[in-house]
Amino acid sequence: MPEAPIDLDTLRWQAVLDRQADPGCGDFRYAVTTQGVFCRPGCPARPPLRRNTRFFADAATAEAAGFRACKRCDPKGERARMQADCVAAACAVIEAAEGIPSLEVLAARAGYARHHFLRLFRDITGVTPRSYAEGVRARRLQASLAAGDRVAEAVAGAGFGSESRVYEDTARHLGMTPGAARRGGAGEVIRIAHADSAMGPLLVGATAAGICFIGFAEPPEALEGDLRARFPQARIAPAPEELAGAVRQVAAFLAEPAAALTLPLDLRGTAFQRRVWEALTRIPLGETRTYSGLAAEMGLPAATRAVARACARNPVSLAVPCHRVVGASGDLTGYRWGVPRKAALLAGEKRARGR
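For the sequence shown, the positions run 13 to 367 when this note's numbering is used.
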């Protein structure tokens, strides 16, 4: 005899006890009749008695029933929106400043204590104000160098005190030396190999340090154009024999993703981007993460958007498996090479995992 289905309120009550909404009961709010307040299921307050608890689909229906919002868990999201606006304003100040504004100045402008503002900024952006400012300087520097400005002028214009500060930690700022960034790959040789695959045309590109580009499912000239946009001044050299092994691995993965790719990589990006890419490589074959879940695993639960942007900038699809990240509802959103191909890759990985 089949078991009776568990009703929705039972699932919601368990979510309240667990302080975390369960996928089986969706997003909801609960109200405490003895206190006249309504909360999120993750509220840090002590759970009420079951007999004093009512459930609502959303904040609006809870308010319509006469309950007021809890001040601890912010069930209407008003405090979260205010904090997000505050951090956005601080980011605008950083973007407009020639140097790096001090934490004290930013906190005072926002109206928060120094330590509180630091925690708030880090939770929402995924980085500290100083790291964010260094990222702004790095973008300015990269743009100036790409425009052909002399290194000394670009360094000064970006807000760095001296060239030595840039050269001391080139990986942190640019992922390459300033000279290499200015040259747009000039002096470098990018070896490439085209091939056919189960998902259409395939292009693999490699520097002397490792694979720097993997693209597929577009016309060969479009794939090569993408690569050239990343290294506009590099010499592109066909090397089908040298890259034959790497191409075979990638093509086999596209046909049947039975094992993770193990290729030497040359990843060039900001420190935060490389941190996200490293996190992507730790997602096991056949599993997925949401953008928010990946951010939480990285210890940056409020940096969902920043993590999503870093995923979108991934230059080596498949080797850094950004296809294993899905939307909050499980939807296969935003894949550079097309959602149907993302679905096919994930289905293939699940088959392999189930063997």
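Note that CB positions come from ideal geometry on N, CA and C, so glycine has one too. Keep in mind the model is a prediction, meaning the values are calculated, not measured.
Residue i, DSSP secondary structure in three states
| i | result |
| --- | --- |
| Leu330 | coil |
| Val117 | helix |
| Pro269 | coil |
| Phe68 | strand |
| Arg247 | strand |
| Tyr386 | The requested residue 386 is not part of the displayed model; the chain covers only 13 to 367. |
| Thr302 | strand |
| Ile136 | helix |
| Arg317 | helix |
| Thr73 | helix |
| Ile106 | helix |
Distance CB(residue i)-CB(residue j) smaller than 8 Å
| i | j | result |
| --- | --- | --- |
| Glu268 | Gly360 | yes |
| Ser304 | Thr293 | no |
| Leu239 | Ile202 | yes |
| Gln32 | Pro53 | yes |
| Leu20 | Cys37 | yes |
| Gly222 | Pro276 | yes |
| Leu279 | Val319 | no |
| Thr73 | Tyr42 | no |
| Ile226 | Ala331 | yes |
| Tyr144 | Cys98 | no |
| Arg325 | Gln285 | yes |
| Arg365 | Leu297 | yes |
| Phe67 | Arg24 | yes |
Chain-order list of residues whose beta-carbon lies under 6 Å from that of residue i (same chain, five-residue window excluded)
| i | result |
| --- | --- |
| Cys323 | Cys334 and Val337 |
| Gly346 | none |
| Gly206 | Rather than Gly, the amino acid found at residue 206 in this sequence is His. Excluding residues within five positions, the ones whose Cβ falls inside 6 Å are Leu215 and Pro232. |
| Ala314 | Asp135 and Ile136 |
| Gly187 | Low confidence applies to Gly187: its pLDDT is 47, below 50, so where it sits in the model is not reliable enough to give any reading. |
| Val44 | Pro60 and Asn64 |
| Asp161 | Because the pLDDT of Asp161 is 49, which lies under 50, any placement of that residue in the model is unreliable, and the question is left without a value. |
| Phe133 | Val99 and Pro141 |
Neighbourhood of residue i by C-beta distance below 8 Å, restricted to the same chain and skipping five residues each side
| i | result |
| --- | --- |
| Gly48 | Gly78, Phe79 and Arg80 |
| Ile295 | Arg301, Leu306, Pro333, Arg336 and Val337 |
| Ala92 | Asp86 |
| Ala57 | Cys51, Cys82, Arg84 and Cys85 |
| Gly350 | Ala229 |
| Ala340 | Thr302, Tyr303 and Ser304 |
| Ser209 | Phe228, Val262, Ala263, Leu266 and Ala267 |
One or two residues paired with residue i in a DSSP bridge
| i | result |
| --- | --- |
| Gly8 | This structure leaves residue 8 out entirely; the chain is present only between 13 and 367. |
| Ala218 | Arg203 and Ile223 |
| Arg41 | Phe68 |
| Leu277 | Ile223 |
| Phe50 | Ala43 and Ala81 |
| Val288 | Answer is none; Val288 lacks a bridge partner. |
| Phe369 | This structure does not reach residue 369, given that the chain is present from 13 up to 367, and the question cannot be answered. |
| Val371 | The requested residue 371 does not occur in the structure, where the chain is confined to residues 13 to 367. |
Proximal residues to residue i (C-beta, below 7 Å), its chain only, five neighbours per side dropped
| i | result |
| --- | --- |
| Val105 | Pro113, Leu118 and Arg121 |
| Met211 | Phe228, Ala229, Leu266 and Arg353 |
| Ala291 | Leu306, Glu309 and Met310 |
| Thr219 | Glu200, Ile202 and Asp278 |
| Arg126 | Leu115, Glu116 and Ala119 |
| Leu29 | Pro59 |
CB-CB length for residue i against residue j, believed under 8 Å
| i | j | result |
| --- | --- | --- |
| Val148 | Glu107 | 6 Å |
| Leu273 | Val288 | So it is not a contact: roughly 18 Å between Cβ atoms. |
| Ala258 | Ile204 | That pair is no contact at about 11 Å. |
| Ala76 | Phe40 | The Cβ separation is near 15 Å, so there is no contact. |
Cβ-heavy atom distance, residue i to the ligand COA, below 7 Å
| i | result |
| --- | --- |
| Gly350 | Inclusion of the ligand COA in the displayed structure is not the case, the ligand content being empty and no account of it being possible. |
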